[in-house]
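Heads up: the sequence shown begins at 10 in my numbering, then just goes up one per residue. Glycine included, C-beta positions come from ideal geometry on N, C-alpha and C. Everything on this sheet refers to the single structure shown next.
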Amino acid sequence: MESTLMRSRTFVVLALGLLAAALSFAQPAFPSRQVHLVVPFPPGGASDAMMRILGARLQEIWKQPVVIENKPGAGTIIGTNAVAKAVPDGYTLGLVASAHAINAAGRRDLPYDTLKDLATVSQVAVVHQAIFMRADMPVHSMRELVNHARSQRTTYATAGVGTAGHLFGELLNAKEGTHLAHVPYKGSSPAQVDLLAGQVDLMVDALSAHYPMVKAGKLKVIALASPQPHPGFPQIPMAEQTYPGISVESFFGIVAPGNTPRSIVNQLSGDIATALSDPGVKNRIDELGLLPMSTTPAQFDALIRAEVRKWTELFRAGNIRID
């Protein structure tokens, strides 16, 4: 009797093992169908172009269609919310920018929890921010700029409220006692127009967006606002070299819905790293003025958390709101 019972139990265990193995073999390899990449910006910009370049290479790697979906609005919140609410199976991914961490720190009405409802996959690019002035302005260094802005009200243009450029000015005011007054614009182009016309004193924005005007002799770069040097412009000093801690991270990265299986997140991260290491992909992204780079999910998560802490402290100390 006991022998028969043991044989029955053994049979059940073996049957369950075979069933589990059969089910695992039955599941297709990821991805087995179309993948959606949500871009929280309008078509035509550098970020949109970068995602189309990256998406095309991932399509080759995965041998599955990769569809770019533009969902702009509300400072990237509309697009990111679509990702946060998507099925967590790896088939919906989203592009995030520096605003992803800034929104988490400064907005009280987010429809998602940045750190819980979204899983970091990989950083994909760095954007170097710079401080621009008209070429004829009698300010030539970061120290001269700070001295000028301590003694009198100085206006600075950015591409909008809550951008990396905006927060650089707020950080400088808080740490160095400057009197920078923020003048937000709806994008980089109108900000540049008013800077050249003398309507504002300086501008903090992406280096690549305005460097043609620097080469034309109409603008000059006082310093980089980024925390790392630009490999293509080693001659440009960083603001942080003169005033430690005065810098802003400006980045792009990929996220997935929060409960996406870790195995899928890791595969996505590895595949993105493979795509970004392709010389053709790197060159085309470089031409957009972006520096391509990949990270592990943990590294990108650490960056997001550090940025949220940094800006939360600044907003609380300065009673700053961006919503």
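Checklist entry - If you run the structure through DSSP and keep just helix, strand and coil, what is S272? => result helix
Checklist entry - Candidates H239, D210, G207, S198: which alpha carbon is nearest H219's? => result When H239, D210, G207, S198 are compared, the shortest CA-CA separation from H219 is found for S198.
Checklist entry - What separation, rounded to the nearest whole angstrom, lies between the Cα atoms of T283 and M60? => result Separation of T283 and M60 (C-alpha to C-alpha, rounded to the nearest whole angstrom) is 15 Å.
Item to check | beta strand (DSSP E) segment containing T167, residue limits | outcome: 163-167
Item to check | Extent of the continuous beta strand (DSSP E) run through Q132 | outcome: 127-135
Item to check | Coil, strand or helix - K195 by DSSP | outcome: coil
Item to check | Nearest candidate by alpha-carbon position, reference T187, set S56, Q308, G82, G178 | outcome: G178
Checklist entry - Smallest Cα separation from E153: which of A134, S303, E185? => result When only C-alpha atoms are compared, the closest one is E185.
Checklist entry - What three-state label does DSSP hand H45 in the structure shown? => result strand
Next on the checklist: Whole angstroms are fine: how far does the CA of A168 sit from the CA of E6?
Outcome noted: Any question about residue 6 goes unanswered here, given that the chain covers just 10 to 332.
Item to check | Beta-carbon spacing of M142, P246 below 9 Å | outcome: no
Next on the checklist: For M359, list the residues DSSP reports as bridge partners.
Outcome noted: The chain is shown from 10 up to 332; residue 359 falls before or after that span and cannot be answered.
Checklist entry - Relative to the C-alpha of V44, which residue among G64, F309, V290 is closest? => result G64
Checklist entry - What residue from K229, K224, A183, N182 has the CA that sits closest to L204's CA? => result K229
Checklist entry - What number of angstroms, rounded off, separates the C-alpha of D145 from the C-alpha of Q244? => result 20 Å
Checklist entry - Quick one, are the C-beta atoms of D122 and G262 less than 9 Å apart? => result no
Checklist entry - With 16 as the cutoff for other CB atoms within 10 Å, does G115 come out buried or exposed? => result Label assigned to G115: buried.
Next on the checklist: With the cut-off set at 9 Å, would you say Y165 and G174 are in Cβ contact?
Outcome noted: yes
Checklist entry - What residue range is occupied by the uninterrupted alpha helix (DSSP H) comprising V105? => result Note, V105: premise wrong, no alpha helix (DSSP H); beta strand (DSSP E) at 101-106.
Checklist entry - Can you tell which of V133, R271, M212 has its C-alpha closest to the C-alpha of A232? => result M212
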